[in-house]
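Below: the structure, in structure tokens.
Number of protein chains: 2
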Amino acid sequence: MSAIRVALAEDQAMILGALAALLETEADLTVCARARNGREALAAVASARPDVLVTDIEMPEMTGLTLAAEVRASHPDTQVIILTTFARPGYLRRALEAGAKGYLLKDRPAAELAAAVRRVRRGERVIDPELAAEAWASDPDPLTERERQILWRAGEGRSGSEIAVELSLSEGTVRNYLSEAISKLGAANRIEAARIARQKGWL
Amino acid sequence: MSAIRVALAEDQAMILGALAALLETEADLTVCARARNGREALAAVASARPDVLVTDIEMPEMTGLTLAAEVRASHPDTQVIILTTFARPGYLRRALEAGAKGYLLKDRPAAELAAAVRRVRRGERVIDPELAAEAWASDPDPLTERERQILWRAGEGRSGSEIAVELSLSEGTVRNYLSEAISKLGAANRIEAARIARQKGWL
DNA sequence: GCGGCGCCATGACAACTGTCATCCCGCCCC
DNA sequence: GGGGCGGGATGACAGTTGTCATGGCGCCGC
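For the protein sequence lines, the chains are P and H, in the order given. First residue of the first sequence? That's 730 in the working numbering, and the numbers climb one at a time after it. First residue of the second sequence? That's 730 in the working numbering, and the numbers climb one at a time after it.
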């Protein structure tokens, strides 16, 4: 029986090395490639042809979500597992749409990573159980595109008038959208609204 | 020659396990305790008496910075290494003030962790070289403790009056502190001020 | 073809926020 | 013992923000 070949993509070098060490402790797994950003990872997948790619989401050059879509398109034999800090239903949905077979949180016990690799290799899907439940129960993104644009800028500290200029709107309109977003999110003000939206993965 | 005993504190279980696997690959190191928050870590240090404690900063219950100070006070034989994502001069300064002997970024190659543990064990200091240079050049934290408390709450989206009640101050006083903080940070409003302070590691 | 929805706008009002001047207290340091 | 500094406060003023009512435009679906 030959070992399962795993590629790893993670932007923090020390975490990358540590995850590799973790996987190498399993006799039936071997880390055949490592990458520190999405572009590197795509190249690594092309040359090393791993059975499974384990990737972070937030990376320079190319996010793990885009990477997952690219890998599915050009190397369908490589299964993708997203490994991330973020328990955001929005991310999970986008990951599944991008063809990822696994979505695991860095919060979970270390043993689950190897287990997930084996299961995905067998063709199963592995979704973090808590997150899967939450994603089903959780409300979909209530924000319109405009509201998102404006709320994001407000969350960065820009004032109503600055946002108005930036988006070629009137100040009043900006206030209207913010007011709408605040009430949709049940927040008390723009700052809290931005915080909530960020946390839910809607920004 | 007996192995160097290391305790690990990190809130993300998978990273905790991975770092442990990484350290265990070194023949002269052994992980004698693991903790997922500051309080657990303090208890673990008390019972396991490690030579070195490697800890994250942002953890529930007690931050790594507070933890470092507590360990120095109650277990001076245990050396502390801060291992974090954040290249913030403010964090570094506070870490050193808290008695940490090492400050390492998760960005660095995995091999540096074991090297740092050995050096700290020998009584040396290990500071991330890039960060050390930057810290020297960078401006010191201009915020007073009150300003920090208030700005932090404002950054969470709380209103002036809520903050006033929470800290038993008058609304006007809260506004005064915020105004001071905003001008010290060269921001246009409380939101931007909070963003800047966070980014610099002053919050 | 009408209703609903996203998008954009105006105007008005109340509430919140940012600034400034000016004050009191206590502490530490020279 | 006077000055500086952090903490705390008041009052006044202008500017920003949040809410509401109301209207117009275009697109989609029934």
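Even glycine gets a Cβ: it sits at the ideal position worked out from N, Cα and C. All figures in this text were calculated on a predicted structure; none of them were measured in a lab.
Under DSSP, the beta-bridge partners assigned to glycine 831(H) are Ile810(H), Val855(H). Contact check for leucine 758(H) and alanine 843(H): beta-carbon distance about 6 Å, within the 8 Å limit, so the pair qualifies. Interface annotation, proline 838(P): in contact with chain H, CB-CB separation under 8 Å. Any Cβ of chain P closer than 8 Å to the Cβ of arginine 924(H) would place that residue at the interface, and such an atom is present. Nearest to valine 774(H) by alpha-carbon distance, out of Ile920(H), Arg924(H), Ala736(H), is Ala736(H).
Taken in chain order, the complete alpha helix (DSSP H) segments of 4 residues or longer contained in the segment 764-798 of chain P are 767-777. Counting only Cβ-Cβ distances below 8 Å, asparagine 918(P) has contacts in chain H at Gly886, Ser888, in chain order. A residue is called buried when at least 16 other Cβ atoms come within 10 angstroms of its Cβ; glutamine 741(P) meets this threshold and is buried. Between threonine 784(H) and alanine 738(H), the beta carbon gap of about 4 Å places them in contact (Cβ cut-off 8 Å). In the displayed model, alanine 816(H) falls within coil according to three-state DSSP, outside both helix and strand. Under the three-state reduction of DSSP output, leucine 758(P) falls in the strand class. Between alanine 816(P) and leucine 860(P), the CB-CB gap stays under 8 Å. For valine 735(H), the beta-bridge partners assigned by DSSP are Val760(H), Val781(H). Between lysine 835(H) and asparagine 766(P), the alpha-carbon positions lie close to 15 Å from each other.
Under the three-state reduction of DSSP output, tryptophan 931(H) falls in the coil class, being neither helix nor strand. Distance check between serine 776(H) and each of Glu790(H), Ile786(H), Val800(H) places Val800(H) closest, using alpha-carbon atoms only. Any Cβ of chain H closer than 8 Å to the Cβ of glutamine 741(P) would place that residue at the interface, and such an atom is present. Taking the C-beta atoms as reference points, leucine 932(P) is found no nearer than 8 Å to alanine 910(P).
For threonine 902(P), the enclosing alpha helix (DSSP H) begins and ends at 900-914. Along the segment 744-775 of chain H, going in chain order, the ones with a CB nearer than 9 Å to a CB of chain P are Ile744, Leu745, Gly746, Ala747, Leu748, Ala749, Ala750, Leu751, Leu752, Glu753, Thr754. For the segment 805-816 of chain H, the set of residues with a beta-carbon nearer than 9 Å to any beta-carbon of chain P comprises Leu812, Thr814, in chain order. If you look at alanine 844(H), you'll find it in the alpha helix (DSSP H) that goes 840-850. Shown here, glutamine 878(H) sits in a helix according to DSSP, grouped into three states. Under the Cβ criterion (8 Å, minimum of three pairs), the segment 825-833 of chain H counts as touching the segment 800-814 of chain H. In terms of beta-carbon proximity, lysine 835(H) lines the interface with chain P, with at least one pair separated by less than 8 Å. Put simply, of Glu876(H), Leu898(H), Leu896(H) the residue whose alpha carbon is nearest the alpha carbon of alanine 926(H) is Glu876(H). Judged by DSSP secondary structure, serine 890(P) falls within the alpha helix (DSSP H) whose first and last residues are 889-896. In the structure shown, glycine 886(P) adopts coil according to DSSP, grouped into three states.
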